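Trainee: Sequences listed follow chains U and A, in order.
FYI, in the working numbering the residues of the first sequence are 421 to 596.
FYI, in the working numbering the residues of the second sequence are 2 to 186.
Don't be surprised by glycine CBs; every beta carbon is placed ideally from N, CA and C.
In this text, all values refer to a predicted model and were calculated from it rather than measured experimentally.
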Amino acid sequence: MKCTEARELLASDFLDGELDKDARGEVVKHLDACDGCRRFEEAVRRAAVDPLRNAPRETAPPSLWLKVRLGIEHEQERGVRAALYRVWRSFHVPWTAYAAASATAAVIIAIAVLREPLTVPGSTRASLTDTEGLHEYIEEQFSILAYQDTNGTGNGANGNGADSVNFGTLLEEYLM
Amino acid sequence: MQPLPKELLIEASGGDIGAFEKIYRATSDYVYTIALKVTGNRADAEEVAQDVFLKVFRKLGKFRFESSFTTWLYRITVNNAINASRKSTRRRSGQVEFNDNIEVADGRDRTREAIEKEQNEARVRSMLETLNPDQRACIVLREIEGMRYEEIAEVLQVNLNTVRSRLRRARETLCSRAQQERSIQ
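#1: Could you give the distance in angstroms between the alpha-carbon of residue 496/U and the alpha-carbon of residue 128/A?
#2: Just how far apart, CA to CA, sit residue 13/A and residue 54/A?
#3: Closer than 8 Å by C-beta to residue 101/A: which residues in its own chain qualify, once you throw out the five before and the five after it? Chain order, please.
#4: With a threshold of 7 Å between beta-carbons, can residue 113/A be considered close to chain U, or not?
#5: For residue 463/U and residue 482/U, what's the separation of their Cα atoms in angstroms?
#6: If you drop the 5 nearest sequence neighbours on each side, which residues of the same chain put their C-beta closer than 7 Å to that of residue 160/A?
#7: Given a cut-off of 7 Å, decide if residue 82/A and residue 39/A are closer than it, judged by their beta-carbon atoms.
#8: If contact means a Cβ-Cβ distance below 8 Å, which residues of the region 484-516 of chain U contact chain A?
#9: Grab the span of the alpha helix (DSSP H) containing residue 54/A for me, first residue to last.
#10: With a cut-off of 7 Å, does the C-beta of residue 75/A fall near any C-beta of chain D?
#11: Distance check for residue 500/U and residue 487/U, CA to CA, integer angstroms please.
#12: Does residue 463/U have its Cβ less than 7 Å from a Cβ in chain A?
#13: Nearest-angstrom Cα distance between residue 99/A and residue 143/A?
#14: When DSSP labels each residue in this structure, what does residue 478/U get in the three-state scheme?
#15: What first and last residue would you give for the alpha helix (DSSP H) that runs through residue 424/U?
#16: By the three-class DSSP mapping on this structure, what secondary structure does residue 17/A have?
#17: Just tell me which of 45/A, 185/A, 169/A has its CA closest to the CA of residue 461/U.
#18: DSSP on residue 133/A, reduced to helix/strand/coil?
#19: List the residues of chain A whose Cβ lies closer than 9 Å to the Cβ of residue 472/U, in chain order.
#20: Answer with yes or no whether the minimum CB distance from residue 30/A to chain U is below 7 Å.
#21: Starting from the Cα of residue 167/A, find the closest Cα among 80/A, 184/A, 135/A, 33/A and give me that residue.
#22: Hey, how far is the Cα of residue 175/A from the Cα of residue 21/A?
#23: Mark residue 534/U as exposed unless 16 or more other C-beta atoms lie within 10 angstroms of its C-beta, in which case mark it buried.
#24: Along chain U, in chain order, which residues have C-beta atoms closer than 9 Å to that of residue 47/A?
#25: For the 8 Å Cβ check, are there 3 or more pairs between the region 2-17 of chain A and the region 54-63 of chain A?
#26: How big is the Cα-Cα spacing for residue 116/A and residue 147/A?
#27: Does DSSP put residue 79/A in a helix, in a strand, or in coil?
#28: Apply the 10 Å Cβ neighbour rule to residue 531/U and answer buried if 16 or more other Cβ atoms are within range, or exposed otherwise.
As structure tokens, this is what we get:
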């Protein structure tokens, strides 16, 4: 075995016990015969192997577990929030659906209002489209006017007879 | 690192924090040691270890037990540590100087054993700093974790010859550094 080959093995497989019995025997034989390679092996052990193999194992700082645990809790919280968001998304209705529903409701209300007859404010009759009611209303108004004519109790009347009936404004007096 | 019971891993994978704490207690010193040796400073090592355990907790549910859990854990640790080491090379060198100053200043109050221990730690740290992160990870797995080449190859996901050559180059670098130091003295 040449020194180059021996030194390659000395810096790796030989030192690490990775050689089979025969290969190891050859390296040992070379070392017995070669002072240079023996010194090389000692130098490698002293400089690159022993200080590291004798180094004690480190102990993780006590605060490390607290940090890990906090990190896990934070991730779990985020996971819950993400799950809730997914549930919310699964029930989520897009704004276009809300808009369509609102438009439909507005149309329905408009149709209902337009179909409903207008009522006369303060009247006991149902509506102006109700012909019978309209006639009654007109008759009622005429009877009020007739009563005012006969009794002189019209708007602004002073109670001194038919000649002194005051119809209110000049325009009303002219028309009447 | 001893193999962990499969039941414990299954419980933890279901989100059982108590089971996960047991895994943490059994493995955290290994994870932290590798992180510290590869990154070279305690702040980065703590951050790496924290990230490793969060990643393990997150991914444990998807772990299929096709490979060993410890190999998987070593792989996550080494990869995170190598990445952190590459990212913070400048910051790390500043931190080491700062730590060294503290050690010198506080040296009077310590016992001889404690001082020797710290000196050895500083020596190992400065040795490892001369290596690139890949060589450092390889030599840490070999010398500190005592792994065989095949295990190292599995953790690092490289072939056996790559492991062999990284170890050889790392040792050659450490030898020449030691020779330089002797010649200066």
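Mentor: Well, looking at it:
#1: So the two alpha carbons sit approximately 41 Å from each other.
#2: Cα to Cα, the separation comes out at about 12 Å.
#3: Since pLDDT at residue 101/A reaches only 47, below the 50 mark, its modelled position is unreliable, and no value is offered.
#4: Interface flag for residue 113/A against chain U is unset, since no Cβ pair is found closer than 7 Å.
#5: Roughly 39 Å between the two C-alpha positions.
#6: Excluding positions up to five away in sequence, the list reads 154.
#7: Inclusion of residue 39/A and residue 82/A in the CB contact set at 7 Å is warranted, their separation being smaller than that value.
#8: Taking 8 Å as the Cβ-Cβ cut-off against chain A, the residues of the region 484-516 of chain U that qualify are 484, 485, 487, 488, 489, 491, 492, 495, 496.
#9: Run containing residue 54/A: 43-60, per the alpha helix (DSSP H) assignment.
#10: Going by chain labels, chain D is absent from the structure shown, which instead holds the protein chains U and A.
#11: Each residue's Cα considered, the two are about 20 Å apart.
#12: Taking 7 Å as the CB threshold, residue 463/U lines the interface with chain A.
#13: Confidence at residue 99/A is low in this model, with a pLDDT of 43, below 50, so the placement of that residue should be treated as unreliable; the coordinate-derived value is given next. A direct Cα-Cα distance of roughly 29 Å separates residue 99/A from residue 143/A.
#14: If DSSP states are grouped into helix, strand and coil, residue 478/U belongs with coil.
#15: Run containing residue 424/U: 423-430, per the alpha helix (DSSP H) assignment.
#16: In the structure shown, residue 17/A sits in coil (DSSP, three-state: anything other than H, G, I, E or B).
#17: The option with the nearest alpha carbon to residue 461/U is 169/A.
#18: Under the three-state reduction of DSSP output, residue 133/A falls in the coil class, being neither helix nor strand.
#19: Simply 38, 125, 128, 129, 140, 141, 143, 144, 145, 175.
#20: Interface annotation, residue 30/A: in contact with chain U, CB-CB separation under 7 Å.
#21: The shortest Cα separation from residue 167/A among 80/A, 184/A, 135/A, 33/A belongs to 135/A.
#22: Cα-Cα distance, rounded: 39 Å.
#23: Residue burial annotation: residue 534/U is exposed, with fewer than 16 other C-beta atoms found within 10 angstroms of its C-beta.
#24: The answer, in chain order, is 480, 481, 483, 484, 487.
#25: Flag = yes, the region 2-17 of chain A and the region 54-63 of chain A touch.
#26: Computed Cα separation, rounded: 26 Å.
#27: Three-state result, residue 79/A: helix.
#28: Its Cβ having fewer than 16 others within 10 Å, residue 531/U is exposed.
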